[in-house]
Amino acid sequence: MIPLSYYLILSATLFAIGAAGVFMRRNLITILLSVEIMLNAVNLTFVAFGRYAGDLDGQIITFFVMTVAAAEAAVGLALVIALFRHRESLNPDAFTSLKW
Amino acid sequence: MPETVTFFLFAALAIGASTLVIAQRNPMYSVLLLIASFGALSGLYIQLEAPFVAVAQIIIYAGAIMVLFLFVVMLLNAPKEDGADWDRLHPLRQPGVARWGTLLAVLLIVQLASALMAVREYNTPVGAQSDAATVNSVAAMGRSIFTRHTFAFEATSILILVAMVGAVVLARREGDQ
Chain A
389 MIPLSYYLIL SATLFAIGAA GVFMRRNLIT ILLSVEIMLN AVNLTFVAFG RYAGDLDGQI
449 ITFFVMTVAA AEAAVGLALV IALFRHRESL NPDAFTSLKW
Chain B
-19 MPETVTFFLF AALAIGASTL VIAQRNPMYS VLLLIASFGA LSGLYIQLEA PFVAVAQIII
41 YAGAIMVLFL FVVMLLNAPK EDGADWDRLH PLRQPGVARW GTLLAVLLIV QLASALMAVR
101 EYNTPVGAQS DAATVNSVAA MGRSIFTRHT FAFEATSILI LVAMVGAVVL ARREGDQ
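So the sequences go chain by chain: A and B.
Its first residue numbered 389, the first sequence is counted upward by one per residue in my numbering.
Its first residue numbered -19, the second sequence is counted upward by one per residue in my numbering.
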């Protein structure tokens, strides 16, 4: 059997990759994808701890995280489309003014 | 040790695919690689006796959310990141700064890993303290969602409705009636 710490290390690594993506990439869609990587890393932690403690709540909160991620993706992508229409760009540095 | 082999296989697949997601310049490849990463995570959920989460991961994430992303990538038709001047001249893009930041990030992960390995109770097998039958029952999970977590479940439905309306309003062209 795999120790719990292996799952936690994998999850921490995935979260770090996602965070690095948010900081390094200059493309709104890739930034949203990096956020999804981070959400999945946290899901893995929840499920691993739930298995460790013998409790179903870890899986249930994962289910809720997935629904919130779906809502976040829908609204985030709608914002990306609206922004792209204004500037013809996906670079977050192109959107520096609050009003145009 | 087939369990250990599959764990490391899925873990390597998840980390490799996620790394490539943020290394790609074409968002189309990023989305497809992220689907591979989600498939690997789904295999890990099966190993953790969470069949419902594993299937939901495939259906909701790989099936619904990633298709939404693919749809937007194709709709916007902007395959490359723009190599604008402010992008290349960005202070965080300087090679020295980037290398220093990467070093710090790797150090942080190594430190975190060694700290986790040092905790003795985290190094017992993940399923040693509980029976697999207590966590892999979808029936028990449904019962818990609709009794103990009813409020959160209903709140989620309102959230989805609000997100749907919000997405339609945001993506609408200005001036449309």
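Using N, Cα and C, we set each Cβ at its ideal position, and we do this for glycine too.
On a predicted model such as this, the values are computed, not experimentally measured, just so you know.
- Item | Opening and closing residue of the alpha helix (DSSP H) in which Met121(B) lies | 118 to 127 is the extent of the alpha helix (DSSP H) around Met121(B).
- So is Phe131(B) buried or exposed if we call it buried at 16+ other beta carbons inside 10 Å? exposed
- Alpha-carbon spacing of Ala12(B) relative to Val47(B), whole angstroms: Going by the sequence as given, residue 12(B) is Leu instead of Ala. In a straight line, the C-alpha of Leu12(B) is about 10 Å away from that of Val47(B).
- Message: Just list the residues that DSSP pairs Phe480(A) with in beta bridges.
- Response: The amino acid occupying residue 480(A) in the given sequence is Pro; Phe does not appear at that position. Answer is none; Pro480(A) lacks a bridge partner.
- Name, in chain order, the residues that DSSP records as bridge partners for Pro105(B). Pro391(A)
- Message: Tell me the rounded alpha-carbon separation between Ser200(B) and Asn6(B).
- Response: Since the displayed chain B opens at -19 and closes at 157, residue 200(B) lies outside it and no answer follows.
- CA-CA distance, Ser177(B) and Ala143(B)? Not covered by the structure: residue 177(B). The range shown for chain B is -19 to 157.
- Determine the chain B residues that contact Phe452(A) at a beta-carbon separation under 7 Å, and present them in chain order. Ala132, Thr136
- Item | C-beta neighbour in chain B for Gly442(A), strict 7 Å | yes
- What is the DSSP secondary structure of Asn428(A), reduced to helix, strand or coil? helix
- Rounded separation between Gly(-4)(B) and Ile2(B) - CA only: Using only the alpha carbons, I get a separation of about 10 Å.
- Message: Just verifying my parser: in three-state terms, what is the DSSP assignment at Leu50(B)?
- Response: Here Leu50(B) sits in helix by DSSP.
- Item | Chain-ordered neighbours of Leu432(A) on chain B, where CB pairs are closer than 7 Å | Leu21, Leu24
- Query: Of all Cβ atoms in chain B, is any one closer than 7 Å to the Cβ of Val463(A)?
  - Reply: yes
- Per-residue contacts from Pro(-18)(B) into chain A (C-beta, under 7 Å): In chain order: nothing, as chain A lies at least about 12 Å away.
- Query: Along chain B, in chain order, which residues have C-beta atoms closer than 8 Å to that of Pro391(A)?
  - Reply: Tyr102, Asn103, Thr104, Pro105, Val106
- Flag this pair as yes or no: are the beta carbons of Ala410(A) and Ser422(A) separated by less than 7 Å? One point to set straight first is that residue 410(A) is Val, not Ala, in the sequence displayed. Going by C-beta atoms, Val410(A) is nearer than 7 Å to Ser422(A).
- Compare the C-alpha of Phe51(B) against each of Met412(A), Ile469(A), Gln447(A) and name the closest. Ile469(A)
- Query: In chain A, which residues lie with their C-beta within 8 Å of the C-beta of Tyr41(B)?
  - Reply: Against chain A, the beta carbon of Tyr41(B) has neighbours under 8 Å at Glu424, Asn428, Met454, Ala457, listed in chain order.
- Message: So for Asp111(B), helix, strand or coil by DSSP?
- Response: coil
- Query: Terminal residues of the continuous alpha helix (DSSP H) containing Met8(B)?
  - Reply: 7 to 27
- Query: Does any C-beta atom of chain A lie closer than 7 Å to the C-beta of Ala113(B)?
  - Reply: no
- Message: Please list the terminal residues of the continuous alpha helix (DSSP H) segment that includes Asp445(A).
- Response: 445 to 475
- Message: For Ile39(B), count the other beta carbons within 10 Å of its own beta carbon; 16 or more makes it buried, fewer makes it exposed. Which is it?
- Response: exposed
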